[in-house]
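J.:
There are 2 protein chains.
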Amino acid sequence: MATIGDVAREAGVSRSTASYALSGKRPISEEVRRRVLAAAEALAYTPNAGARALATSQTKVLGLLAQFHEDEFAPAMMQYLLGVTDTARDLGYDTLLVTEADGARALRRITDSRMVDGVVLMNIAQDDPRLPILRAAPQPGALVGLPGDCSGLDVFDLDFEEAGRVMVDHLHRLGHRELILISQPEHVVERGGAYVWRLRDAALERARQLGVTLHAVYGESRQPAVGRLLNALLDAYPSATGLLINNEAATAALPSVAHERGLRVPGDLSVIGRYSAEFAATFSLPYSFIESAPDRLGSMAVRQLVRRVESPAARDEPFVVRFISPELVSRGSTAPPGAPLPNAR
Amino acid sequence: MATIGDVAREAGVSRSTASYALSGKRPISEEVRRRVLAAAEALAYTPNAGARALATSQTKVLGLLAQFHEDEFAPAMMQYLLGVTDTARDLGYDTLLVTEADGARALRRITDSRMVDGVVLMNIAQDDPRLPILRAAPQPGALVGLPGDCSGLDVFDLDFEEAGRVMVDHLHRLGHRELILISQPEHVVERGGAYVWRLRDAALERARQLGVTLHAVYGESRQPAVGRLLNALLDAYPSATGLLINNEAATAALPSVAHERGLRVPGDLSVIGRYSAEFAATFSLPYSFIESAPDRLGSMAVRQLVRRVESPAARDEPFVVRFISPELVSRGSTAPPGAPLPNAR
DNA sequence: CGCAACTGTCGAACCGGTTCAACTACAGGA
DNA sequence: TCCTGTAGTTGAACCGGTTCGACAGTTGCG
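Listed in order, the protein sequences are those of chains A and B. Residue numbers for the first sequence, in the numbering used here: 1 to 345. Residue numbers for the second sequence, in the numbering used here: 346 to 690.
This is how it looks when you write it as structure tokens:
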């Protein structure tokens, strides 16, 4: 493998001249520059990443810490990943994917050893053990998800509170007065998944203000449990005319449950979900939904991270907590409440 | 950040002694070893990855090249990823995830710059442009998926030919004489996805031998196209009594289509799919299936790769092409053929 | 008792880049 | 003519590890 020394010899110049010719950091005569570039080309020279990292203290690699809990929905996870890797590459960075169960130890390892220039954290918990480590690390970090304490970090998330309000407002405006809200399973909350109760509490609060009855329940993450749950809920609240779903698995299971019960949407039941357009397309979900934009969130986090990595000035800027505002994409699954459910007693 | 020089000074020894004490590559007195370890602990010493890579020519990072085509099924992809990252970590390696569209260029970049000690390639095409680059690279590589030319590479894949035969055999043994096989969409084949016709051709061949009629068709990868296709097929071949599906999206769509048509499985139609147990659980698919074991394949590829990376002897061993044999997991969705389909004309 | 072998430690070189200080050659201004 | 400034180039140092060869001190054996 050719080194910069080989290139220099081939071009008949010193190593430092070759380096400057390639980087352009000092004026080099046109003639010499040409020779160096030709030599590099001829020898298929590629700088050694380790040597460059050692000399410049920059690896051009970003860390991505993601946890794959078995109760999390794979397709959604995938889009976060892609948003991060694609944007990183656009900006000239590669991505080190770390899925270790002990996220705190993994984070310490990759930051202390200087393998990465910055880190994106996903699956943020309310009281996340990785945060103190990230704050103390020499590299900047960005979060996809809102923790209890955002200090010292850039944070990006969907505005789940506003999402809850938008859902309730929308159905209230259409005339609905009794709704069901299905969240993620309870242990997602126990694990610190704050987005679950952020949406839920805001929806409950808004419902209270508007005089709407809202039955808020935890969901399930898998079939067949989630199908059973849907049936049980529809049985338990026969007079509810609207269904809000903050749970991908439940959303994916709804069409067959509705079909089975002979339930027409939106005729018998208005439905609003919360998921991504990509997810909607894969499963052809016919429901209006709040766009959760995972790829956009991942992309935003990386952009901000790279800004801090590359600009010394940006390092000292105040930290941002940026919510993307929930956009309701209409698929015609909501309407004014009509007849009560067919199976109402 | 503490360097090994700091540790050496703190322990009152030379840099080389500190290095040997930490690595154990030379005998060091108990007394000195203790002092060095204590100093390293006290200073929270972590070796600099770049410096170590430069000195040892080992990065302890594996590259994972994956392409995310929009017509590929996200949950399956995810499991390959996890199989690779988890096994890599168990063996002491981190994973650089590269999803660049131009896989050949990306591969050249990470191998030439010596960012990785080895590479796992996924989404292998029949005539994959990345293979010549991988063969010429100084690092070893492993493939998850079977290309047209396996020379010079370790290859791991499900035995799709045998899978096709197992499916046909199983239903033939039960008495079925007319079957439908739904594959992936045609453009997956055009892109070089050989596994599609490997299963298909073997199934056709076996069907011919057994005197079974097999209608082999390309599928769709998304709703609602795939649902429409299922309906069209069941209309077109009303006398078929068995359905073989080598297409995750079609499998996921089948329950609601069957329900809609009032079609009972296995009473009216026997069904065998090809997917992973994890996928089956997420969607609660009630069908017998050939386990495609993506996590196991990813794991096997990494193990072999690391063997070659770490042992000079292993480098010269002959290359392996290893197929995992298809295991038919019974979920009771097959039975002897009964009455013709209800909607038969 | 002398020599070989072994143990434990150290200094120096090396991996492959980047960058600083210094030097040369030449142009322009006083 | 001399001085200053600038463009172009170079050698040397440095980043932070690993490893080779040398060496001093000790032990074992003939």
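The beta carbon of each residue, even a glycine, is placed where N, CA and C say it ideally should be.
1) Which whole-angstrom value is the C-beta distance of B/M346 and A/P147, which I expect to be below 8 Å?
2) Could you tell me which residues DSSP puts in a beta bridge with B/L407?
3) Could you tell me whether the segment 277-284 of chain A touches the segment 213-227 of chain A, using the rule of 3 or more Cβ pairs below 8 Å?
4) What residue from A/L81, A/T56, A/L54 has the CA that sits closest to A/Q67's CA?
5) Roughly how many angstroms separate the alpha carbons of B/G509 and A/A207, rounded to a whole number?
6) Short check: CB of A/T59 to CB of A/D117, under 7 Å?
7) Count the other CB atoms, across all protein chains shown, that sit within 10 Å of the CB of B/D499; report buried if there are 16 or more and exposed otherwise.
8) Using a Cβ-Cβ cut-off of 7 Å, state whether B/D494 counts as contacting chain A.
9) With DSSP run on the structure shown, which of helix, strand or coil describes A/S270?
10) Could you give the distance in angstroms between the alpha-carbon of A/V302 and the alpha-carbon of B/S496?
11) When burial is assigned at 16 or more other CB atoms within 10 Å of the CB, is B/D661 buried or exposed?
12) Return the Cβ separation of A/P140 and A/T241 in integer angstroms, given the expectation that the two are a contact with Cβ distance under 8 Å.
13) Opposite B/G587 in the DSSP bridges: which residues?
14) For a contact meaning CB atoms closer than 7 Å, what does A/F68 contact in chain B?
15) Look up A/F156 in the DSSP assignment and give the residues it is bridged to.
16) Between which two residues does the alpha helix (DSSP H) carrying A/Y217 extend?
17) When the Cα of B/D431 is compared with those of A/F73, A/G103, A/A76, A/A314, which residue comes out closest?
18) Out of curiosity, what's the CA-to-CA distance linking B/G369 and B/T401?
19) Does the segment 457-471 of chain B come within contact of the segment 119-126 of chain A, defined as at least 3 CB pairs closer than 8 Å?
20) Let me make sure I understand the geometry here. Which of B/V665, B/S359, B/L650 has the alpha-carbon closest to that of B/L436?
21) Is there contact between the segment 244-263 of chain A and the segment 224-233 of chain A, where contact requires at least three CB pairs shorter than 8 Å?
22) Please confirm whether A/G50 has its beta-carbon closer than 7 Å to some beta-carbon of chain B.
23) Do you know how far the Cα of A/L199 is from the Cα of A/L417?
24) With B/A561 and B/L526 assumed to form a contact (beta carbons below 8 Å), what rounded beta-carbon distance in angstroms separates them?
25) What does A/S113 reach in chain B if we use C-beta pairs closer than 7 Å?
26) Residue range of the beta strand (DSSP E) that B/S633 falls in?
27) Is there a Cβ from chain A that is less than 7 Å from the Cβ of B/R434?
28) Quick one: grab the DSSP three-state call for A/V189.
29) Under 6 Å Cβ to Cβ from B/L555, same chain only, skipping five residues before and after it: list those, please.
30) Roughly how many whole angstroms lie between the Cα atoms of B/Q529 and B/D546?
31) Does the Cβ-Cβ distance between B/R652 and B/A659 come in under 7 Å?
32) Let me confirm a value: A/D149 is counted as buried when at least 16 other C-beta atoms fall within 10 Å, else exposed. Which label applies?
33) So which residues of chain A does B/R739 contact, with C-beta pairs closer than 8 Å?
34) What residue from A/V271, A/I133, A/R89, A/Y93 has the CA that sits closest to A/R109's CA?
35) Closer than 9 Å between beta carbons: that is the criterion. Which residues of the segment 474-491 of chain B meet it against chain A?
36) Report back the beta-carbon spacing between B/S637 and B/L503 to the nearest angstrom; my notes put them in contact at under 8 Å.
T.: In this structure, then:
1) Position 1 of the second sequence, counted from the start, is the residue given in the question as residue 346 of chain B. Position 147 of the first sequence, counted from the start, is the residue given in the question as residue 147 of chain A. Contact flag wrong, Cβ pair sits at about 26 Å.
2) In the second sequence, residue 407 of chain B corresponds to position 62, counting from 1. Answer is B/T440, B/G463.
3) No, because fewer than three Cβ pairs between the segment 277-284 of chain A and the segment 213-227 of chain A fall closer than 8 Å, the two stretches do not touch.
4) The count along the first sequence starts at 1 and reaches residue 67 of chain A at position 67. Measuring from the Cα of A/Q67, the nearest candidate turns out to be A/L81.
5) On the second sequence, residue 509 of chain B is found 164 positions in, with the first residue counted as 1. On the first sequence, residue 207 of chain A is found 207 positions in, with the first residue counted as 1. B/G509 and A/A207: Cα-Cα distance of roughly 55 Å.
6) Against the first sequence, residue 59 of chain A aligns to sequence position 59. Against the first sequence, residue 117 of chain A aligns to sequence position 117. Yes, the pair counts as a contact, with Cβ atoms nearer than the cut-off.
7) Here residue 499 of chain B is taken as the residue at index 154 of the second sequence, counted from 1. Answer is buried; the Cβ neighbour count reaches 16.
8) Taking the second sequence and counting its residues from 1, one reaches residue 494 of chain B at position 149. No - not a single Cβ of chain A is within 7 Å of the one on B/D494.
9) By one-based count along the first sequence, residue 270 of chain A stands at place 270. Strand.
10) Taking the first sequence and counting its residues from 1, one reaches residue 302 of chain A at position 302. Taking the second sequence and counting its residues from 1, one reaches residue 496 of chain B at position 151. About 39 Å.
11) Against the second sequence, residue 661 of chain B aligns to sequence position 316. With fewer than 16 Cβ atoms within 10 Å of its Cβ, B/D661 is classed as exposed.
12) Along the first sequence, read from residue 1 onward, the residue named residue 140 of chain A stands at position 140. Along the first sequence, read from residue 1 onward, the residue named residue 241 of chain A stands at position 241. No, A/P140 and A/T241 are not in contact; Cβ-Cβ is about 48 Å, not under 8 Å.
13) In the second sequence, counting from the first residue as 1, residue 587 of chain B sits at position 242. B/G587 is bridged to B/L524, B/S615.
14) Numbered from 1 along the first sequence, position 68 holds the residue referred to as residue 68 of chain A. Under the 7 Å cutoff, chain B gives L427.
15) The residue labelled residue 156 of chain A in the question sits at position 156 within the first sequence. A/F156 is bridged to A/V144, A/R322.
16) Counting from 1 along the first sequence, the entry for residue 217 of chain A is found at position 217. According to the sequence shown, residue 217 of chain A is Val rather than Tyr. Element bounds for A/V217: not the alpha helix (DSSP H) but the beta strand (DSSP E), 213-217.
17) In the second sequence, residue 431 of chain B corresponds to position 86, counting from 1. It is A/G103.
18) Taking the first residue of the second sequence as position 1, residue 369 of chain B is located at position 24. Taking the first residue of the second sequence as position 1, residue 401 of chain B is located at position 56. Rounded to whole angstroms, B/G369 and B/T401 show a C-alpha spacing of 16 Å.
19) Fewer than three beta-carbon pairs drawn from the segment 457-471 of chain B and the segment 119-126 of chain A are found closer than 8 Å, and the two stretches are therefore not classed as touching.
20) Here residue 436 of chain B corresponds to residue number 91 of the second sequence, with the count starting at 1. Comparing alpha-carbon positions, the option among B/V665, B/S359, B/L650 lying closest to B/L436 turns out to be B/L650.
21) With the cut-off at 8 Å, the segment 244-263 of chain A and the segment 224-233 of chain A touch.
22) Looking up residue 50 of chain A in the first sequence gives position 50. Chain B, which has a Cβ nearer than 7 Å to the Cβ of A/G50, makes this yes.
23) What the structure shows of chain A is the stretch from 1 to 345, and residue 417 of chain A is not part of that stretch, so it cannot be assessed.
24) As a first step, residue 561 of chain B must be located in the second sequence, where it is residue number 216. As a first step, residue 526 of chain B must be located in the second sequence, where it is residue number 181. Right, their Cβ atoms sit about 4 Å apart.
25) Taking the first sequence and counting its residues from 1, one reaches residue 113 of chain A at position 113. Chain B residues near A/S113: T391, P392, N393, A394.
26) Position 288 of the second sequence, counting from 1, holds the residue named residue 633 of chain B. It spans 633-636 - the beta strand (DSSP E) in which B/S633 sits, taken as one unbroken run.
27) Against the second sequence, residue 434 of chain B aligns to sequence position 89. Judged by the 7 Å Cβ criterion, B/R434 is in contact with chain A.
28) For the purposes of this step, residue 189 of chain A is taken as the residue at position 189 of the first sequence. Three-state result, A/V189: helix.
29) The residue you call residue 555 of chain B lines up with position 210 of the second sequence. Excluding sequence neighbours, B/L555 sits near H517.
30) Sequence index remark: in the second sequence, residue 529 of chain B carries index 184 (1-based). Sequence index remark: in the second sequence, residue 546 of chain B carries index 201 (1-based). For B/Q529 and B/D546, the distance between alpha carbons rounds to 13 Å.
31) On the second sequence, position 307 is the one that residue 652 of chain B refers to. On the second sequence, position 314 is the one that residue 659 of chain B refers to. Closer than 7 Å, so yes.
32) Taking the first sequence and counting its residues from 1, one reaches residue 149 of chain A at position 149. By the 10 Å Cβ count, A/D149 comes out exposed.
33) For chain B, the structure presents residues 346 to 690; residue 739 of chain B sits outside this window and is missing.
34) To locate residue 109 of chain A, count along the first sequence from 1; it is residue 109. The candidate whose alpha carbon is nearest that of A/R109 is A/I133.
35) P483
36) Numbered from 1 along the second sequence, position 292 holds the residue referred to as residue 637 of chain B. Numbered from 1 along the second sequence, position 158 holds the residue referred to as residue 503 of chain B. Their Cβ separation, rounded to whole angstroms, is 5 Å, which keeps B/S637 and B/L503 in contact under 8 Å.
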